[in-house]
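First residue of the sequence shown: 0, per numbering that gives the first Met the number 0; consecutive thereafter.
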Amino acid sequence: MKLIEYQENQEVILSAGAFDTPKILLLSGIGPTQELTQHNIETLHDLPGVGKGLSDHPLVVIGASYAPAAGLSDRVKFVSNPAAVEATREQWRRDGTGETNLHQSCAITGWLKENSILTTNEYQNLDAL
0 MKLIEYQENQ
10 EVILSAGAFD
20 TPKILLLSGI
30 GPTQELTQHN
40 IETLHDLPGV
50 GKGLSDHPLV
60 VIGASYAPAA
70 GLSDRVKFVS
80 NPAAVEATRE
90 QWRRDGTGET
100 NLHQSCAITG
110 WLKENSILTT
120 NEYQNLDAL
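Shown next as structure tokens:
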């Protein structure tokens, strides 16, 4: 394993996602004092909301092809060509048509709120610290 060390003399913001960011904050002494004390962590900043209010939302993505030429490889080629992307954006701004419709709008995303997940063993066993 190669160790890389960085030094900074200003503020550093570290983000590690919905689960691990609160964990890093708590382990660093930022969070509710009462909870930190229970785990023998010195409180640097009493911030009661850290690690609270997690709301899970399962994600469903449905991809669709609108034409025979709208395959994944065509989309990858399209988005990797900045000039083509900009040209189609201009066309979209001008008259609402063009390949932006085809390549940039081919996914439907939705979130499901399912409260029964909150009572499952997997959810209950999520590591808070």
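The beta carbon of each residue, even a glycine, is placed where N, CA and C say it ideally should be.
With 16 or more neighbouring CB atoms inside 10 Å of its own CB, E98 falls in the buried class. Using a 10 angstroms sphere on the CB of T87, the tally of other CB atoms reaches 16 or more, which defines it as buried. Excluding its 5 nearest sequence neighbours in each direction, D45 has C-beta neighbours in its own chain below 6 angstroms: T32, listed in chain order. When the five nearest sequence neighbours on each side are left out, the beta carbons in the same chain lying within less than 7 angstroms of the beta carbon of S14 are those of T20, in order along the chain.
Within the same chain, Cβ atoms closer than 6 angstroms to the Cβ of L35 are found at T42, the five residues on either side in sequence being excluded. Taking C-beta atoms under 8 angstroms as the contact rule, G50 and G30 qualify, at a distance of about 6 angstroms. By the neighbour-count definition (other C-beta atoms within 10 Å, threshold 16), L25 is a buried residue. For the set L53, K22 and G48, the Cα lying nearest the Cα of H38 is the one of K22. For A17, the closest C-alpha among the options E4, M0 and G52 is that of G52. One thing to note: V84 has its Cβ no nearer than 8 angstroms to the Cβ of V75. When the Cα atoms are used, N120 and I12 turn out to be separated by approximately 33 angstroms. Counted as a single uninterrupted DSSP element, the alpha helix (DSSP H) harbouring N120 occupies residues N120 to Q123.
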